[in-house]
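Okay, structure first, notes after.
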Amino acid sequence: MAGEAYLDEWKAALSRATGALYLVMVECIAHAIRKGDLQEGERLPPQREMAARLGTNLSTVTRAIGEAQKRGLLDATVGRGTFVRINAGDGSWRQTGASVIDLTMNSPPLPRDPSLQAMIQGEIASIFRHQDVQSLMSYRVTGGTQQDRQLGINWLAPVLGRRRAGELLIVPGAQVALSAIMSSLVRPGEAIVTDYLTYPGMRSIAAQFGYVLLGVDHDEEGMNPEALEELCAQHRPRDLYCTPTLHNPTTATWSVARREAILGIARRYQVQIVEDDPYSLLLKAPPPTLAMLDPTRVIYVATLSKVLSPGLRTAYIVLPGAEMTRRITSGVRAICQAKAGLLDALVSRWIETGIAQQCLRSIREELTQRHHVLRQVMSDHFHDRSPSPHVWLPLPEWWTSADFVAFARRQGLALVPGSVFAVTGHAPPAVRIALGSAPDLSGLRDSLINLRSVLDYRPASGFSDIV
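Sequence positions in the sequence shown follow our numbering and run 64 to 530.
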């Protein structure tokens, strides 16, 4: 608007206001955008100048600008100024104040069966009745007691076959497991091969310990053997980190032939494989793990966070041979010493009494139902990977993952951009959706309907003032 005459209207509105002045100013901004007095990409006057012309204090203007940003009306950057956001005039996409549904945390849904919930609560309360209190409250041996390890072996038998309790370590979560393994096997500056999109926790480990991550290209099935062999021939890495079943974030699952091909490459180049397998137990008929196909080549990691509950803080490391077991035990001891006895006792009790298996079946069924809702609402956007707790959503060409995530959040949806998983900094336009994070089936359905609307929305214009 010529001469910024809209500021005179804002000043009049502020002079009549009886409520919070910054909220009145936000409504003035929204009204000016709707009327066309403020155009997309238009720069507003500096905040001090606005405060002077409006006859109000700087803090009111600053607070109003901040609230307008939250509502998706403005963009403000230090050093550049404040601009009207592209598409801010489309009222159907502005923040309404509704709470955000968080579909970012990749955790299993809670069992819905009231009797199972009551059983879980009862077992938690009974731990001190079934265990020696002094033992529960004391330091534990690194890797767990022999009894706890044997129960861990029993739990993993469907995906590992027969293994010895002495080959298993119990640690407080997969992140601790992976940190202990990598810090024991890889020196700073050395390379670890992984998928070009990988678990963000592995990126954190590499940054913390100074490792170089080499990303292997994917095809529809997952890690590409030809690309892996090329990297191994060129860089001679010590270790390969992978998730062959329900890969995070893409949900790709290797066929048996692909597993054999990757194992063959690892043997030829003397690469130690670290198999991260958080999801296999969710499948009624999972493919054979790499650790089952070649127990001498593979260090196996499985967490309870994705199949039971992250609150249990329990993961298992299954190791190939006594020497490797001693080496990784030292790594675990250096990082965390041992797990809390109370949690070890609870997990073992659940496995021993069958509660863990009941919870697993309940979570598997709940995730199956959530995939059914997904197919009903968005069947044309996803490959069906039931009962994966997450799905990977490729975006239309007009979206980047960062823009889509920011836009979706203003509509009440929190998603994870593909860039979070990218090893090289180059990520496809896609987002990960954690189905288990929604509070219930109804909440998931509403979220997916909202997501579909956001996905189908196409911005009408770009930054026309930028050349």
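The beta carbon of each residue, even a glycine, is placed where N, CA and C say it ideally should be.
Which residues mark the beginning and the end of the beta strand (DSSP E) in which residue i is found?
{"i": "TYR379", "result": "378-381"}
{"i": "VAL440", "result": "Segment 418-441 is the alpha helix (DSSP H) holding VAL440; no beta strand (DSSP E) there."}
Who are residue i's beta bridge partners in DSSP?
{"i": "VAL234", "result": "ALA378"}
{"i": "TYR363", "result": "GLU338, VAL381"}
{"i": "ARG495", "result": "TRP455, VAL479"}
{"i": "LEU303", "result": "VAL256, ILE336"}
{"i": "PHE191", "result": "Note: PHE191 sits in no beta bridge, so no partner."}
{"i": "THR145", "result": "ALA139"}
{"i": "LEU276", "result": "ILE255"}
{"i": "ARG106", "result": "PHE146"}
{"i": "ALA485", "result": "LEU260"}
{"i": "ASP282", "result": "GLY285"}
{"i": "ILE164", "result": "LEU476"}
{"i": "GLY206", "result": "ILE233"}
By Cβ distance below 7 Å, which residues in the same chain neighbour residue i in space, the five residues on each side in sequence not counted?
{"i": "THR159", "result": "Because the pLDDT at THR159 is just 37, under 50, the model does not fix this residue reliably, and the value given afterwards should be weighed accordingly. Hits under 7 Å: none found."}
{"i": "ARG126", "result": "TYR85"}
{"i": "SER510", "result": "ILE164, LEU166, LEU476, ALA501"}
{"i": "LEU507", "result": "ARG433, VAL436, LEU498, ALA501"}
{"i": "ARG111", "result": "LEU121"}
{"i": "ASN532", "result": "Outside the displayed range of the chain (64 to 530) lies residue 532, so it cannot be described from this structure."}
{"i": "TRP73", "result": "MET88, CYS91, LEU117"}
{"i": "ILE284", "result": "The sequence given here places Glu at residue 284; Ile does not occur at that position. These residues qualify, in order along the chain: ALA315, TRP317, SER318, ARG321."}
{"i": "ILE496", "result": "LEU166, HIS453, VAL454, LEU456, LEU478"}
{"i": "ILE418", "result": "MET182, ILE183, GLU186"}
How close, in whole Å, do the beta carbons of residue i and residue j come, if the pair is a contact with beta carbons under 8 Å?
{"i": "ARG360", "j": "ILE336", "result": "6 Å"}
{"i": "ASP280", "j": "SER411", "result": "No, ASP280 and SER411 are not in contact; Cβ-Cβ is about 42 Å, not under 8 Å."}
{"i": "ARG498", "j": "VAL454", "result": "Strictly speaking, residue 498 in this sequence is Leu, with Arg absent from that position. Going by Cβ atoms, the distance from LEU498 to VAL454 rounds to 6 Å, so yes, they are a contact pair."}
{"i": "LEU294", "j": "VAL256", "result": "6 Å"}
{"i": "THR261", "j": "PHE484", "result": "6 Å"}
{"i": "PRO350", "j": "THR316", "result": "7 Å"}
{"i": "LEU199", "j": "ALA408", "result": "6 Å"}
{"i": "PHE467", "j": "VAL494", "result": "6 Å"}
{"i": "LEU346", "j": "GLU323", "result": "Their Cβ separation, rounded to whole angstroms, is 19 Å, which puts LEU346 and GLU323 out of contact at 8 Å."}
{"i": "ILE380", "j": "VAL234", "result": "6 Å"}
{"i": "PRO171", "j": "VAL370", "result": "6 Å"}
{"i": "GLY273", "j": "ASP258", "result": "That belief does not hold up - the Cβ atoms of GLY273 and ASP258 are roughly 20 Å apart, past 8 Å."}
{"i": "LEU430", "j": "PHE445", "result": "In fact, because the Cβ distance is near 14 Å, the residues do not count as touching under 8 Å."}
{"i": "SER40", "j": "PRO492", "result": "Nothing in the structure corresponds to residue 40, since the chain is present only between 64 and 530."}
{"i": "ARG521", "j": "MET441", "result": "Actually they are not in contact, since the Cβ atoms of ARG521 and MET441 sit about 17 Å apart, beyond 8 Å."}
Locate the alpha helix (DSSP H) running through residue i, then write down its first and last residues.
{"i": "GLY215", "result": "209-223"}
{"i": "PHE467", "result": "464-473"}
{"i": "LEU117", "result": "110-117"}
{"i": "TRP73", "result": "69-79"}
{"i": "PRO288", "result": "288-298"}
{"i": "LYS98", "result": "84-98"}
{"i": "ASP509", "result": "504-519"}
{"i": "SER122", "result": "121-133"}
{"i": "MET200", "result": "Segment: none, MET200 is in no alpha helix (DSSP H) and carries neither H nor E."}
{"i": "ARG331", "result": "319-331"}
{"i": "ALA354", "result": "353-356"}
Can you give me the Cβ contacts of residue i inside the same chain, cut-off strictly under 6 Å, excluding the 5 residues immediately before and after it?
{"i": "ARG157", "result": "Any reading at ARG157 needs caution, since the residue's pLDDT is 36, under 50, leaving its predicted position unreliable; the model's value is listed next. The answer, listed in chain order, is ARG134, GLY135."}
{"i": "ASP138", "result": "PHE146, ARG148"}
{"i": "MET245", "result": "ILE268"}
{"i": "ALA161", "result": "Reliability of the predicted coordinates at ALA161 is poor, the pLDDT of 47 falling under 50, and no value is obtained from them."}
{"i": "GLY144", "result": "ARG106"}
{"i": "PRO341", "result": "THR366, LYS369"}
{"i": "PRO373", "result": "SER170"}
{"i": "VAL517", "result": "ALA471, GLN474"}
{"i": "SER247", "result": "ARG390, ILE391, GLY394"}
{"i": "SER451", "result": "LEU309, THR314"}
Apart from the five residues on each side of it in sequence, which residues of its chain come closer than 8 Å, Cβ to Cβ, to residue i?
{"i": "ASN217", "result": "ILE414"}
{"i": "SER425", "result": "PRO174, ARG175, ASP176, LEU179"}
{"i": "ALA296", "result": "TYR332"}
{"i": "SER78", "result": "GLY118"}
Just checking: is the beta-carbon of residue i within a distance shorter than 9 Å of some beta-carbon in chain C?
{"i": "LYS347", "result": "Given the protein chain composition of this structure (a single chain), no chain C is represented."}
How about residue i: is its Cβ closer than 8 Å to a heavy atom in the ligand MG?
{"i": "ARG106", "result": "Within the structure as shown, the ligand MG is missing, as the structure has no ligands at all."}
*Between the stretch 309-327 and the stretch 195-208, do at least 3 Cβ pairs fall closer than 8 Å?*
no
_Counting beta carbon pairs with one atom in the stretch 362-369 and one in the stretch 236-246, are three or more of them shorter than 8 Å?_
yes
*asked:* Tell me whether the stretch 388-400 and the stretch 167-178 touch, counting them as touching only if at least three CB pairs, one residue from each stretch, are closer than 8 Å.
replied: Taking 8 Å as the limit for Cβ pairs, the verdict is that the stretch 167-178 does not touch the stretch 388-400.
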